[in-house]
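Residue numbers (this note's numbering), protein chains in the order written: chain H, 74 to 214; chain C, 74 to 214.
Just below is one structure, and these are the notes that go with it.
There are 2 protein chains.
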Amino acid sequence: MTSQPGFGDTLLGLAALIQRRHIQICAEHDLTPAQSQLLCTLREGPRRMADLAAILGMAKPALSQLVDRIETRGLVRRTASEPDRRVVTLEATPEGIKIGRAVYEDVDARLPDVLVALAPEDQQRFAELVSAIPHIRCPST
Amino acid sequence: MTSQPGFGDTLLGLAALIQRRHIQICAEHDLTPAQSQLLCTLREGPRRMADLAAILGMAKPALSQLVDRIETRGLVRRTASEPDRRVVTLEATPEGIKIGRAVYEDVDARLPDVLVALAPEDQQRFAELVSAIPHIRCPST
DNA sequence: TATTGTTATACTCTATAACTATA
DNA sequence: TATAGTTATAGAGTATAACAATA
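Here is the structure:
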């Protein structure tokens, strides 16, 4: 991996830029990024806790507490699963689904704003390059 | 900003990829990302608290506490500035400078690993595009 | 009075270990 | 005994408001 000096820093700057924008957009929906990604993941259907933890890349205790906080707000609901009663299935409430879909669309529409300074054809090239990196489409897809 | 559906998600995946790698590299130096960026910023000389907060993009109380934690470990030192005694100048200790330079070089050398899956010429194009985004070279430069 | 930085307080996120309940 | 999930505990990060010291 040979690259110009300072490129590590440039990558950190890019990540920070994306995340600051993400925080802004999520805040407009009264969500933190973690809460947003949870609701986005649940927006098309229920999931087991273990699967969610893997999808979101977090440990199970962290997920339990994230769910606690957002369940209090009535956006998700835990239900014991029937065949194996150890399993907890998490589903978004109707309001949770509505918010999840809204924030997902908003992120999709407005997060690319971070690239405004690039010419349209450069934005397109950038999108193609990033999409070619494996395992990049993580949480909500 | 017109882009293919799901591109917002792709950008979030890219940011997450970069940050996971950053966390790994920092951890090998026994630092969190925030601590690392502080030491990297101080690696070439002292700074005032207010300037540091602006450079790192955090509020002053957050910086005070970050400094508290890393000062305990003997990596930075606070000194009252003379002309205006309200001002606190923060400087890295010799060990802090050593660690700051080491982690900076390591990040620069190894963070670009996240692009290994791209062909070398695509990595080069990617680097050029990212470097063209304004305000991207933030904290430690 | 305005400014620099700190303290106080609270919340979110995360990690590890110990625990409960099912299987 | 193994697994799914939770609770307990701790630490890092961040935000806001109130405060101290200095200008």
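Using N, Cα and C, we set each Cβ at its ideal position, and we do this for glycine too.
Can you pull the chain C residues whose beta carbon is under 9 Å from the beta carbon of residue i, in chain order?
{"i": "H/Asp124", "result": "Those do not exist, as H/Asp124 stays about 18 Å from chain C at its closest Cβ, beyond 9 Å."}
Between the options, which lies nearest to residue i when the distance is taken from Cα to Cα?
{"i": "H/Ala205", "options": "C/Ile206, C/Ala205, C/Ala192, C/Leu202", "result": "C/Ala192"}
{"i": "H/Arg120", "options": "H/Gln77, H/Leu136, H/Val189", "result": "H/Leu136"}
{"i": "H/Pro167", "options": "H/Gln110, H/Leu104, H/Gly118, H/Asp82", "result": "H/Gly118"}
{"i": "C/Thr105", "options": "C/Ile128, C/Ile172, C/Arg198", "result": "C/Ile172"}
{"i": "C/Glu101", "options": "C/Glu178, C/Leu188, C/Val189, C/Glu194", "result": "C/Glu178"}
{"i": "H/Phe80", "options": "C/Asp195, C/Arg116, C/Pro185", "result": "C/Pro185"}
Name the chain C residues whose beta carbon is nearer than 7 Å to that of residue i?
{"i": "H/His102", "result": "Here the premise fails: no neighbours, minimum Cβ distance about 13 Å."}
Put residue i into one of helix, strand or coil per three-state DSSP.
{"i": "C/Arg229", "result": "Nothing about residue 229 of chain C can be read from this structure; chain C reaches only from 74 to 214."}
{"i": "C/Leu163", "result": "strand"}
{"i": "H/Ala88", "result": "helix"}
{"i": "C/Cys211", "result": "Residue confidence for C/Cys211 is low, a pLDDT of 46 falling below 50, so the modelled location carries little weight; the figure read from the coordinates is stated next. Here C/Cys211 sits in coil by DSSP."}
{"i": "H/Arg93", "result": "helix"}
{"i": "H/Ala175", "result": "helix"}
{"i": "H/Val203", "result": "helix"}
{"i": "C/Thr145", "result": "helix"}
{"i": "H/Arg183", "result": "helix"}
Would you report the Cα separation of residue i and residue j, rounded to the nearest angstrom?
{"i": "C/Pro134", "j": "C/Val161", "result": "13 Å"}
{"i": "C/Val180", "j": "H/Gln92", "result": "19 Å"}
{"i": "H/Ser109", "j": "C/Gly86", "result": "14 Å"}
{"i": "C/Arg150", "j": "H/Val149", "result": "47 Å"}
{"i": "H/Thr83", "j": "H/Ala153", "result": "46 Å"}
{"i": "H/Ala165", "j": "C/Arg198", "result": "41 Å"}
Cβ closer than 8 Å: which chain C residues qualify as neighbours of residue i?
{"i": "H/Ala190", "result": "Ala205, Ile206, Pro207"}
What does residue i touch in chain H if you count any residue whose Cβ is under 8 Å from its own?
{"i": "C/Pro185", "result": "Met74, Ser76, Phe80, Gly81, Leu84"}
{"i": "C/Ala200", "result": "Ser76, Gln77, Phe80, Thr83"}
Just to make sure I have the definition right: I need the residues of chain H whose C-beta is within less than 9 Å of the C-beta of residue i. Which are they?
{"i": "C/Leu111", "result": "Those do not exist, as C/Leu111 stays about 13 Å from chain H at its closest Cβ, beyond 9 Å."}
{"i": "C/Val176", "result": "Correct list: empty, because the minimum Cβ distance to chain H is about 10 Å."}
Positions along the segment 131–165 of chain H whose CB lies within less than 8 Å of some CB in chain C: none
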